[in-house]
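Numbering (the UniProt record's numbering), first residue to last: 1 to 110.
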């Protein structure tokens, strides 16, 4: 694949160069977005919308639960299997916050 393959596929104004030093991790990106866009919609499903602030609050609570009430330790794997619901990003970001490695599963994989 050519290095510039995607350049004409991006919306106008999107810089084709990415500063890889600007972000240290997925959680760094997530945390910055939660602060910057706190009052904006992050996810909507079945008539309910979570803002970035909601998502941050719920994922922090879930991370705390995982750390305090399970035997899971940072670096352990956690399987997440659920349909496309608002609970999914809460579970994934909460697990990552707790230091876990998320393994997505799907009953349709079999």
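Even glycine gets a Cβ: it sits at the ideal position worked out from N, Cα and C.
Asked, Found
"Start and end residues, beta strand (DSSP E) containing residue 55", "Run containing residue 55: none in the beta strand (DSSP E); it sits in the alpha helix (DSSP H), 52-69."
"Contact check, residue 94 vs residue 53, beta carbons under 8 Å", "no"
"Beta-carbon proximity of residue 66 to residue 60, cut-off 8 Å", "no"
"Residue 68 versus residue 98: straight-line alpha-carbon distance, rounded", "10 Å"
"Beta-carbon proximity check, residue 107 vs residue 81, cutoff 8 Å", "yes"
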